[in-house]
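**Student:**
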Amino acid sequence: MAETAQQRIRAVAGQLTRAERQLADAILENYPMSGLGSITRLGEKAGVSSPTVARMVQKLGFSGFAEFQAALRDELEAQISNPIAKHESWSQAAPQGHILNRFTDAVIANIRHTLANADPAEFDAVIALLSDTRRRVFIAGGRITHALAEYMHLHLQVIRPDVRLVRTTANAWPHDLLDLEDGDLVVLYDVRRYENTTLKLAEIAAARGAKCVLFTDQWQSPISRYAEVSFNCRIEAPSAWDSMTAMLLLSETLIAAVQEMEWERTRERMKSLEEMFDATRIFRKFV
Numbered sequence: 001m002a003e004t005a006q007q008r009i010r011a012v013a014g015q016l017t018r019a020e021r022q023l024a025d026a027i028l029e030n031y032p033m034s035g036l037g038s039i040t041r042l043g044e045k046a047g048v049s050s051p052t053v054a055r056m057v058q059k060l061g062f063s064g065f066a067e068f069q070a071a072l073r074d075e076l077e078a079q080i081s082n083p084i085a086k087h088e089s090w091s092q093a094a095p096q097g098h099i100l101n102r103f104t105d106a107v108i109a110n111i112r113h114t115l116a117n118a119d120p121a122e123f124d125a126v127i128a129l130l131s132d133t134r135r136r137v138f139i140a141g142g143r144i145t146h147a148l149a150e151y152m153h154l155h156l157q158v159i160r161p162d163v164r165l166v167r168t169t170a171n172a173w174p175h176d177l178l179d180l181e182d183g184d185l186v187v188l189y190d191v192r193r194y195e196n197t198t199l200k201l202a203e204i205a206a207a208r209g210a211k212c213v214l215f216t217d218q219w220q221s222p223i224s225r226y227a228e229v230s231f232n233c234r235i236e237a238p239s240a241w242d243s244m245t246a247m248l249l250l251s252e253t254l255i256a257a258v259q260e261m262e263w264e265r266t267r268e269r270m271k272s273l274e275e276m277f278d279a280t281r282i283f284r285k286f287v
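Structure follows, in structure tokens:
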């Protein structure tokens, strides 16, 4: 899949002039809607000339402003498409191979694309944040991604103390943020069609001075403006639903890394947990 316009802007950020950086900031502020007006309007919003806008989009690899806007419209359509629309779009050109092979090929491509765009230094920085027990960790997801949030929470609370799962319902999660303080860490999962309640949660966390780590899709949730680190995971698949496999891979890798970083502490917590399991006879024993 071709890079999004947003990804292209970030890739050339170090090569931009001062005026072009102003323009890039204006585009990213309300992306992709910010780029769908006229070239004159975009230039005025950024405080640059129309020729600067034209040169910028060519620097991004587009033949002109019209092609740039067409790419933005395609991204917007992809972001807001519902499961029925996604299935119909896929089924019109469905290949003849078995679904096992087609789906697996798509997931492998998603993983490769996601890892190619992951910054190892940022990944290591998140490992350090998650390992720092001076910070409490709050984890939240949306209607679909709450399953990933619960998975991350289940493992991290075994590895370290002070890990909390933020409930997904809007009338409940404000209670979960009552104890959120400056320096705490909030881990959020948000994919297309980006949920307003999760965005509001991120806004509140940022206002309280918490650091945010975001797991999102290739188009990037608006939560990214509040995030210290955003992991952009490719999620497309031959299905009415998106694939969370690449996002799960990054989550599981973080869990493994944090576990290894503090293994002595983790081992003691695991021993205590196993003793409770034995006392409550949750798991069947064969000896």
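Position 96, counted from 1, in the sequence shown is what UniProt numbering calls 96; the numbers after and before it change by one each time, with no gaps. Even glycine gets a Cβ: it sits at the ideal position worked out from N, Cα and C.
1. Which of helix, strand or coil does DSSP assign to A140?
2. Under three-state DSSP, which class holds T17?
3. How would you call H153, buried or exposed, if buried means at least 16 neighbouring beta carbons within 10 angstroms?
4. Assign Y189 to one of three DSSP states: helix, strand, or coil.
5. Just to confirm my understanding: we take E228, look at its own chain, exclude 5 residues before and 5 after, and list those with CB closer than 7 Å. What are they?
6. Give a yes or no on contact between the segment 29–36 and the segment 230–242, applying the rule of three or more CB pairs nearer than 8 Å.
7. Along the chain, where does the alpha helix (DSSP H) containing T253 start, and where does it finish?
8. Which value, in whole angstroms, describes the spacing of the CA atoms of residue 311 and G97?
9. Could you name the residues that DSSP lists as bridge partners for R164?
10. Keeping to the same chain, check which residues put their C-beta closer than 6 Å to that of S50; ignore five residues upstream and five downstream.
11. Can you tell me where the alpha helix (DSSP H) holding S230 begins and where it ends?
12. What's the gap between the Cα of R284 and the Cα of M276?
13. Do L72 and A46 come within 7 Å of each other at the CB atom, strictly closer than that value?
14. Does DSSP classify F283 as helix, strand or coil?
15. Would you report the Cα separation of M1 and S251, rounded to the nearest angstrom?
16. So the beta strand (DSSP E) F103 belongs to, where does it begin and stop?
17. May I have the straight-line CA-CA distance separating T168 from A13, to the nearest angstrom?
18. For the segment 178–185 against the segment 58–71, do three or more pairs of beta-carbon atoms, one drawn from each stretch, fall closer than 8 Å, so that the two count as touching?
19. Which of the three DSSP states is assigned to M1 in this structure?
20. For the alpha helix (DSSP H) that contains T52, what are its first and last residues?
21. Let me make sure I understand the geometry here. Which of A118, L16 and F103 has the alpha-carbon closest to that of D242?
22. Rounded to whole angstroms, what is the Cα-Cα separation between Y31 and A70?
23. Rounded to the nearest angstrom, how far is the Cβ of T145 from that of V186, given a contact under 8 Å?
**Tutor:** Taking the geometry as given:
1. The three-state reading of DSSP puts A140 in strand, counting E and B together.
2. In the displayed model, T17 falls within coil according to three-state DSSP, outside both helix and strand.
3. H153 is classed as buried because its beta carbon has at least 16 other beta carbons within 10 Å across all chains shown.
4. Strand, per DSSP.
5. Exclusion of the five residues before and after E228 leaves K211, C212 and V213 as the residues of its chain whose Cβ lies within less than 7 Å of its Cβ.
6. By the Cβ criterion, the segment 29–36 is not in contact with the segment 230–242, since fewer than three pairs of Cβ atoms, one from each stretch, lie closer than 8 Å.
7. For T253, the enclosing alpha helix (DSSP H) covers residues T245 to M261.
8. Residue 311 lies beyond the residue range present for the chain, which begins at 1 and ends at 287; the question has no answer from this structure.
9. In the DSSP output, where bridge partners are listed per residue, R164 has F138.
10. The residues are I39, T40 and G43.
11. Where S230 is concerned, there is no enclosing alpha helix (DSSP H), although the beta strand (DSSP E) it sits in stretches over V229 to C233.
12. Taking the straight line joining both Cα atoms gives about 14 Å.
13. No, the pair does not count as a contact, with Cβ atoms beyond the cut-off.
14. Looking at F283 - three-state DSSP - the assignment turns out to be coil, as it is neither helix nor strand.
15. Because the pLDDT at M1 is just 46, under 50, the model does not fix this residue reliably, and the point stays unresolved.
16. No beta strand (DSSP E) contains F103, which is instead part of the alpha helix (DSSP H) from I99 to A116.
17. In a straight line, the C-alpha of T168 is about 36 Å away from that of A13.
18. Taking one beta carbon from each stretch, the segment 178–185 and the segment 58–71 have fewer than 3 pairs nearer than 8 Å; the two do not touch.
19. For M1, the predicted structure reports a pLDDT of 46, less than 50, and the residue's modelled location is therefore unreliable. A value from the coordinates is still provided. The answer is coil: DSSP assigns M1 none of H, G, I, E or B.
20. Following the DSSP letters along the chain, one finds T52 inside the alpha helix (DSSP H) bounded by residues S50 to K59.
21. When each option's Cα is compared against that of D242, the closest is F103.
22. One C-alpha to the other measures close to 14 Å.
23. With a Cβ gap of about 14 Å, T145 and V186 do not count as contacting.
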